[in-house]
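Chains W and H, in that order, give the protein sequences.
Just so we're aligned, residue 8 is where the first sequence starts under this note's numbering, counting upward by one.
Just so we're aligned, residue 3 is where the second sequence starts under this note's numbering, counting upward by one.
Ideal placement from N, C-alpha and C gives every residue a C-beta, glycine not left out.
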Amino acid sequence: MKQIDECHEILADPYDYIRRFKAESQRKVVGTFCSYAPEEIILAAGGHPFRVFGSGEKIRLAEAHLQSYCCSLVRGALEDALGGRLDFLDGVVFPHTCDSIQRLSDIWRLNVGRCFHTDLVLPVKLDTDSARQYMIDVLRRFRGELAEKLGVTISDDDLRGAIRLCNRIRIALTRIDDLKSERPGILKGSDFYALTRAAMILDRKRAASLLEEVAEELEKKSAGQAATGAEVKGAAVSGPAPKRVILSGGVCNHPDIYTVVEEAGGTVVGDDLCTGSRSFSGLVDETADPITAIAGRYLARVVCPAKHRGLADRADHLVRLVRQKRAQGVVFFLLKFCDPHAFDYPYLKEALDREGILSMVIEVEDRLPADGQLRTRFEAFVEMI
Amino acid sequence: MAEKDEAKEKRKIKAVAKMKEIMTAYYIEAKTAEQSGKKVAWITSGGPVEPLIAMDVIPVYPENHGAMIGASKMGVDLCEKAEAMGYSSDLCSYARADIACAPINGGPIGGLPRPDMLVCCNNICGTVLKWYEVQARFFRVPLFILDTPFCHTEFSAEARRYVQKQIIEYIAFLEQACGEKFDYDRIMEVGRLSLEGQRLWQAVLDTAMNRPAPLSAFDAFFHLALIVTLRGTQQTVDYYKMLLAEMQERVAQGIGAVPDEQYRLLWDNLPVWYRTKWLSEKFASQGACLVADTYTSAWCGSMKYIRETDFIETMAEGYSRIYLNIGVDEMARQVMEMADKYDVDGIVMHSNRSCKPYSLGQYDIRRIVQEKKGLPMLMIEADMVDERSFSEGQIETRIDAFIEVLKGRKA
Ligand code: SF4
Ligand code: SF4
Numbered sequence: 008m009k010q011i012d013e014c015h016e017i018l019a020d021p022y023d024y025i026r027r028f029k030a031e032s033q034r035k036v037v038g039t040f041c042s043y044a045p046e047e048i049i050l051a052a053g054g055h056p057f058r059v060f061g062s063g064e065k066i067r068l069a070e071a072h073l074q075s076y077c078c079s080l081v082r083g084a085l086e087d088a089l090g091g092r093l094d095f096l097d098g099v100v101f102p103h104t105c106d107s108i109q110r111l112s113d114i115w116r117l118n119v120g121r122c123f124h125t126d127l128v129l130p131v132k133l134d135t136d137s138a139r140q141y142m143i144d145v146l147r148r149f150r151g152e153l154a155e156k157l158g159v160t161i162s163d164d165d166l167r168g169a170i171r172l173c174n175r176i177r178i179a180l181t182r183i184d185d186l187k188s189e190r191p192g193i194l195k196g197s198d199f200y201a202l203t204r205a206a207m208i209l210d211r212k213r214a215a216s217l218l219e220e221v222a223e224e225l226e227k228k229s230a231g232q233a234a235t236g237a238e239v240k241g242a243a244v245s246g247p248a249p250k251r252v253i254l255s256g257g258v259c260n261h262p263d264i265y266t267v268v269e270e271a272g273g274t275v276v277g278d279d280l281c282t283g284s285r286s287f288s289g290l291v292d293e294t295a296d297p298i299t300a301i302a303g304r305y306l307a308r309v310v311c312p313a314k315h316r317g318l319a320d321r322a323d324h325l326v327r328l329v330r331q332k333r334a335q336g337v338v339f340f341l342l343k344f345c346d347p348h349a350f351d352y353p354y355l356k357e358a359l360d361r362e363g364i365l366s367m368v369i370e371v372e373d374r375l376p377a378d379g380q381l382r383t384r385f386e387a388f389v390e391m392i
Numbered sequence: 003m004a005e006k007d008e009a010k011e012k013r014k015i016k017a018v019a020k021m022k023e024i025m026t027a028y029y030i031e032a033k034t035a036e037q038s039g040k041k042v043a044w045i046t047s048g049g050p051v052e053p054l055i056a057m058d059v060i061p062v063y064p065e066n067h068g069a070m071i072g073a074s075k076m077g078v079d080l081c082e083k084a085e086a087m088g089y090s091s092d093l094c095s096y097a098r099a100d101i102a103c104a105p106i107n108g109g110p111i112g113g114l115p116r117p118d119m120l121v122c123c124n125n126i127c128g129t130v131l132k133w134y135e136v137q138a139r140f141f142r143v144p145l146f147i148l149d150t151p152f153c154h155t156e157f158s159a160e161a162r163r164y165v166q167k168q169i170i171e172y173i174a175f176l177e178q179a180c181g182e183k184f185d186y187d188r189i190m191e192v193g194r195l196s197l198e199g200q201r202l203w204q205a206v207l208d209t210a211m212n213r214p215a216p217l218s219a220f221d222a223f224f225h226l227a228l229i230v231t232l233r234g235t236q237q238t239v240d241y242y243k244m245l246l247a248e249m250q251e252r253v254a255q256g257i258g259a260v261p262d263e264q265y266r267l268l269w270d271n272l273p274v275w276y277r278t279k280w281l282s283e284k285f286a287s288q289g290a291c292l293v294a295d296t297y298t299s300a301w302c303g304s305m306k307y308i309r310e311t312d313f314i315e316t317m318a319e320g321y322s323r324i325y326l327n328i329g330v331d332e333m334a335r336q337v338m339e340m341a342d343k344y345d346v347d348g349i350v351m352h353s354n355r356s357c358k359p360y361s362l363g364q365y366d367i368r369r370i371v372q373e374k375k376g377l378p379m380l381m382i383e384a385d386m387v388d389e390r391s392f393s394e395g396q397i398e399t400r401i402d403a404f405i406e407v408l409k410g411r412k413a
């Protein structure tokens with residue numbers, strides 16, 4: 008599909024895309040660092056939100072600022088910033104996430120300079136009234152700060168427009184996600200990855216229509232398959248139906264993982280990833296006060312382990328997800344040195360064990376473990392489930 | 003030889019015995035709380051303990067427990083146990099050690115007393131949030147989270163409102179957990195004692211401004227226990243009064259923490275608990291005294307925000323603006339202030355792989371301090387509890403090289 012090719016192209020060199028997009032649109036580009044950065048407000052201010060991941064360059068400059076026991080995401084982002092590869096950024100927004108992002112914010116503010124800097128110190132707990140009020144207060148303040156920094160005013164209508172746009176993206180991605188779980192063969196995992204990631208880079212208007220087109224085409228394809236009675240679980244491929252797995256973890260910057268799972272006889276039918284469903288799940292109420300509504304989505308959305316909403320929230324969600332997607336196993340994908348996820352792993356695994364759901368864990372530093380090794384582990388896992 | 007022993011004897015701090023006595027009694031009381039009918043709350047080291055004291059709840063500190071585990075060299079074993087439970091070896095070793103202790107009553111005191119409630123204040127790190135979630139699930143007891151927004155460059159008005167509201171929620175939580183009304187008169191008294199204790203502790207640390215310094219950071223690591231665990235009690239006030247008098251006496255007599263103090267150093271980050279003795283002897287043997295540190299002073303650093311007459315209202319700010327909950331530039335500023343105050347010749351930084359909020363940013367602090375003060379800096383890579391991250395040979399070589407630099411500068 009040409010839309011999917013477009014996404015792959017952008018992912019091959021996101022910085023180049025942003026530079027071109029910026030030159031054409033004259034929009035200000037605002038870097039963000041986590042899925043709790045309110046893209047709606049950035050868009051309403053006429054800015055373009057860009058989620059910073061780092062391009063995987065060898066760490067040289069960041070070595071002078073960050074010890075080796077810091078996650079590759081934080082080190083990689085700083086490396087690119089110090090190397091001038093992010094010179095298109097007009098500003099950055101650091102939502103309060105983990106201890107490492109927090110310190111990255113300080114280090115960035117002191118060393119990268121040039122672009123404007125905002126800390127969005129969101130609440131860490133999400134399950135009390137006072138936290139809800141604080142979340143709203145902080146987002147309101149951010150709206151004012153951003154307007155000032157970009158020299159614009161942000162009206163409620165601007166916000167509503169941005170909310171609608173972001174919701175369109177979320178709805179389209181959810182449709183695709185659902186289809187992929189219904190008919191895993193309909194879309195390759197690496198294509199799904201490309202779509203979700205491109206939605207964090209692309210001009211959001213383009214992203215919305217692109218994703219809607221993809222959803223529509225896939226729905227047609229799926230209806231066609233149903234009509235002809237084509238193999239439901241594994242599309243046209245012969246052999247046994249692939250085993251259905253869920254990916255769970257933080258940031259996944261490794262599209263290859265989907266391919267390795269598929270080659271081992273599995274297929275990813277859903278995820279609880281920061282770069283996956285957590286980035287598009289939940290909608291913002293389009294009728295309520297916009298800031299309250301944006302806060303509302305964050306409070307209700309699937310929670311990130313750096314935030315607190317009860318003691319079993321994430322485990323309950325994961326088990327529910329497995330059931331809902333009729334998955335046969337869970338692959339935990341953990342980034343080395345990521346504290347919040349590493350702390351949750353034992354309890355999540357235990358919750359799965361209790362339900363008789365098999366799981367495996369892979370820990371990744373900046374690149375995937377050697378190909379053969381990973382393949383063998385996946386093959387063994389897929390056979391087991 | 004006899005003379006040498008005498009000098010050594012003279013340098014020993016006498017209050018040590020009293021401290022051990024108090025801490026032993028404290029842990030016995032905590033461990034027998036069930037019999038006395040008192041409630042036990044586990045609380046983070048930076049958490050507001052005063053309301054607990056006012057409610058007669060016994061506060062217990064898993065981090066202090068972590069330190070004890072480290073000091074008794076039980077860290078590696080417990081950390082490995084935590085790893086067997088699925089916890090990554092990259093997580094904070096206090097958390098790992100404590101989590102592993104709970105199900106087996108392990109560690110130097112046979113496990114901490116079972117909590118009736120947990121109080122987690124995230125002003126020191128995000129780790130404690132996850133750690134307390136783990137323990138709340140394990141013990142099935144209520145957890146209160148005091149969420150203190152990070153102060154990168156400021157403490158915002160919104161944050162103030164949010165934390166103040168949570169202090170009220172905290173009190174309601176305690177009333178519920180204890181089944182008793184909160185005593186607002188008592189908290190005034192506890193608040194007063196807390197502040198007095200902090201002032202005295204600061205005064206104790208300040209005696210190290212003298213040459214020679216009567217106590218070193220290694221002593222401070224030990225005597226810190228009370229300001230952490232029993233802040234807000236008369237006992238703590240009395241103890242630090244006594245310790246202060248002893249320090250003043252040492253100053254008057256010219257007794258230093260190390261024989262023949264040549265170099266005065268500032269320590270940054272948590273202690274290396276399983277090697278405090280080794281490190282202290284290593285530095286002392288070269289005439290280097292760690293006269294101050296950023297760690298033990300963290301328990302009195304935010305005093306300036308708290309008003310005795312308005313304790314409940316102002317503690318929100320005091321507890322939010324502590325050393326680890328602020329930006330790297332502000333930390334660097336405080337390090338330089340301390341370097342001036344204690345007139346140090348160099349700075350020793352412990353890059354502690356367990357503690358990201360303390361350690362990430364250290365390279366920048368080092369750079370800023372070097373640029374502005376031109377002080378020699380030594381960076382030691384280690385971990386506070388997990389000995390597997392300590393390479394003696396390498397660290398020894400680096401300390402020796404550092405002392406050479408100091409020597410060169412003095413010459
Ligand atoms: S991957 Fe983990 S440690 Fe790294 S920035 Fe994200 S939450 Fe923080
Ligand atoms: S050592 Fe650091 S990470 Fe561990 S509990 Fe203390 S402040 Fe948190």
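Item, Value
"Enclosing beta strand (DSSP E) for H/Cys291 [first to last residue]", "290-295"
"Per-residue burial, W/Arg285 [other beta carbons within 10 Å of its own, 16 or more giving buried]", "buried"
"Residues bridged to W/Asp278 (per DSSP)", "W/Leu254"
"Chain-ordered neighbours of W/Ser137 on chain H, where CB pairs are closer than 7 Å", "Tyr164, Lys167, Gln168, Glu171"
"Three-state secondary structure assigned by DSSP to H/Arg420", "Past the edges of chain H, shown from 3 to 413, lies residue 420 of chain H, and the structure says nothing about it."
"Residues near ligand 2, criterion Cβ-heavy atom distance below 5 Å", "H/Cys94, H/Tyr96, H/Ile126, H/Cys127, H/Thr129, H/Cys357"
"Chain H residues whose Cβ lies nearer than 8 Å to that of W/Leu318", "Glu135, Ala138, Arg139, Leu145"
"Exposure of H/Gln178, with buried meaning 16 or more beta-carbon neighbours within 10 Å", "exposed"
"W/Leu80 CB to nearest heavy atom of ligand 1 below 8 Å", "yes"
"Proximal residues of chain H, C-beta to C-beta of W/Pro130 below 8 Å", "Asp149, Pro151, Tyr164"
"Chain H contact residues for W/Cys105, given Cβ-Cβ distances below 7 Å", "Gly128"
"Residue environment, W/Gly54, which counts as buried when at least 16 other CB atoms sit within 10 Å", "buried"
"Inter-stretch contact (C-beta, 8 Å, three-pair minimum) for the stretch 316-335 of chain H and the stretch 367-383 of chain H", "yes"
"Assigned exposure category for W/Pro247 - 16 Cβ within 10 Å defines buried", "exposed"
"contact_flag[the stretch 222-230 of chain W, the stretch 169-189 of chain W] where n(CB pairs < 8 Å) is 3 or more", "yes"
"Buried versus exposed call for H/Ser287 [16 or more other C-beta atoms within 10 Å across all chains shown]", "exposed"
"Best match in H/Gly303, H/Arg116, H/Phe220, H/Glu383 for proximity to H/Ile45 [C-alpha to C-alpha]", "H/Arg116"
"is_contact[W/Ser255, chain H] using C-beta, thresh 9 Å", "no"
"Distance cut-off 8 Å: W/Phe257 Cβ against heavy atoms of ligand 1", "Note that residue 257 of chain W corresponds to Gly in the displayed sequence, not to Phe. Yes, ligand 1 has a heavy atom inside 8 Å of this Cβ."
"H/Asp312 Cβ short of 8 Å to ligand 1 heavy atom set", "no"
"Positions along the stretch 137-153 of chain W whose CB lies within less than 7 Å of some CB in chain H", "Ser137, Ala138, Tyr141, Asp144, Val145, Arg148"
"Cβ-heavy atom distance, W/Ser107 to ligand 1, below 8 Å", "yes"
"DSSP state of H/His154 mapped onto helix, strand, coil", "coil"
"Nearest-angstrom Cα separation, counted from H/Val62 out to W/Asp87", "44 Å"
"Cβ-based burial, W/Thr274 [other Cβ within 10 Å; buried from 16]", "buried"
"Completely contained beta strand (DSSP E) runs for the stretch 21-63 of chain H, where each covers 3 or more residues", "42-45, 60-62"
"Through-space distance from W/Arg308 to W/Arg27, alpha-carbon basis", "33 Å"
"Span of the alpha helix (DSSP H) around W/Leu381", "378-391"
"Inter-stretch contact (C-beta, 8 Å, three-pair minimum) for the stretch 312-329 of chain H and the stretch 255-272 of chain H", "no"
"Cβ contact (3+ pairs, closer than 8 Å) linking the stretch 373-381 of chain W and the stretch 282-301 of chain W", "no"
"Beta bridge counterpart(s) of W/Arg58 as assigned by DSSP", "W/Thr39"
"Chain W within 9 Å of H/Thr316, Cβ atoms only", "no"
"CA-to-CA distance, H/Gln204 to H/Val260, given in whole angstroms", "21 Å"
"Close Cβ partners of W/Ile11 (< 6 Å) along its chain, the five nearest in sequence each way excluded", "Asp198"
"Residues of the stretch 66-96 of chain H whose Cβ lies closer than 7 Å to any Cβ of chain W, in chain order", "Met87, Gly88, Tyr89, Ser90, Asp92, Leu93"
"H/Ala27 classed as buried or exposed, judged by whether at least 16 other C-beta atoms fall within 10 angstroms", "exposed"
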